[in-house]
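When we follow this note's numbering, the leftmost residue of the sequence shown carries the number 4, and every step to the right adds one. Every residue gets a Cβ at the ideal spot worked out from N, C-alpha and C, and that includes glycine.
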Amino acid sequence: MGETPRLIATDIDGTLIRDDRTVSPRTADVLARISAQGTPVVLVTGRPVRWLKMVYEQLAEPLPAVCANGAVVYDPVHDEVLRADPLAPHHLAEVARRLRAEVPGISFAVEILDSREMRHEAHYPLRWDVDPEGIRPIETPEELLSVPAVKLLARAGEQDPDAFVELIAAAVVGLAEATHSSSSGLVEISAAGVTKAAGLAWYCDRLGVSAADVLAFGDMPNDVPMLTWAGRGVAVANAHRAVLAVADEVTTANSEDGVAAYLEKVFGVG
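Here is the structure:
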């Protein structure tokens, strides 16, 4: 990578924002300054589209986003999904079949309509329900797998997140991608080949930006593909060990505005 990156890509939770889910004024200011200088800033997140509003409200302007771990590329200015790469219903059904055979008591939810809505089994535990209008239990078992889903979510009580994702990844190998971004035993399943790196690569290609010119920030295993793809991958100090292992550099923790601190040095702003 040259001295100054041509595009900034950052995860949101645990990376860009603080643990109370707020964007610090320092961070919002740095992102606004860099954007004003003409360098694109892209949010690359496991979040669905419907969970971006609370971040956008804290920024000077909404930023383009790669959502659902790479399955959705979103333009907030026009409220338009530029690209979606969902699991087809027959793949969903096969993934669910394999996992139900492998994991007793597993429960599922699906992100549908480009992650604008969520459907879940009645016994699926909701941990962060910020949009009750878009989230509801399924009415029939068939409904869960009847439409394309940009993400399948799986839980089975309290699980060690690393061990649980390994179990699920082995069960769906060749059919889907499995990763995690939380400490609560939630596994996030996407279509084969769909990762944060793949979604970001599609967006960068659209802008004519190569991987070598991308500076990326992350903290959890779902960020590993993006950090290894980007010309420079930076972990926040609070990152998962898998992220620290692949990062080119480490900045301070998300609670200490690690992304902003790093960008201030690179761009000479702040």
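Annotation: threonine 48 to tyrosine 206 spans about 14 Å, alpha carbon to alpha carbon. Restricted to the stretch 214 to 266, the alpha helix (DSSP H) segments that are unbroken, complete and at least 4 residues in length are 227 to 232, 244 to 249, listed in chain order. Remark: C-beta atoms of valine 272 and isoleucine 20 do not approach each other more closely than 9 Å.
Straight-line spacing of the CA atoms in glutamate 60 and arginine 244 works out to 31 Å. Counting along the chain, arginine 21 sits inside no beta strand (DSSP E), nor does DSSP assign it H or E at all. With respect to the C-alpha of alanine 214, the residue from Gly202, Pro164, Asn225 having the closest C-alpha is Gly202. Sequence-distant partners of phenylalanine 270 (beyond 5 residues in either direction) whose C-beta falls short of 6 Å from its own C-beta, in its chain, are Ile37. Arginine 24 and alanine 233 have their C-alpha atoms roughly 25 Å apart. In the structure shown, the three-state DSSP call for threonine 30 is helix. Of Asp216, Leu129, Arg50, the smallest CA-CA separation from lysine 154 is found for Arg50.
As summarised for the stretch 155 to 200, the continuous beta strand (DSSP E) elements at least 3 residues long and confined to that stretch are 179 to 182, 190 to 194, given in chain order. At a Cβ-Cβ threshold of 9 Å, glycine 261 and valine 246 do not count as neighbours.
Judged by DSSP secondary structure, tyrosine 77 falls within the beta strand (DSSP E) whose first and last residues are 75 to 78. The residue among Ala74, Asn72, Val106, Asp78 with its C-alpha nearest the C-alpha of proline 65 is Asp78. Per DSSP, the unbroken alpha helix (DSSP H) holding glutamate 105 starts and ends at 92 to 105. The Cβ atoms of valine 190 and leucine 148 lie no closer than 9 Å to each other.
Taken through DSSP and simplified to helix, strand or coil, valine 84 comes out as strand. DSSP places valine 69 in the uninterrupted beta strand (DSSP E) bounded by 68 to 70.
In this structure, alanine 172 places its C-beta atom within 9 Å of the C-beta atom of alanine 181. Ranking His94, Val80, His93, Val76 by CA distance to the CA of arginine 86 puts Val76 first. By the neighbour-count criterion, in which 16 or more other beta carbons inside 10 Å mark a residue as buried, glutamine 162 falls on the buried side. Beta bridge pairing from DSSP links valine 45 with Ala12. Rounded to whole angstroms, serine 110 and aspartate 32 show a C-alpha spacing of 41 Å. Note on geometry: alpha-carbon atoms of valine 84 and glutamate 142 lie some 27 Å from one another. Going by DSSP, valine 113 is part of the beta strand (DSSP E) stretching over 110 to 115. DSSP places alanine 39 within a helical segment (H, G or I) once states are collapsed to three.
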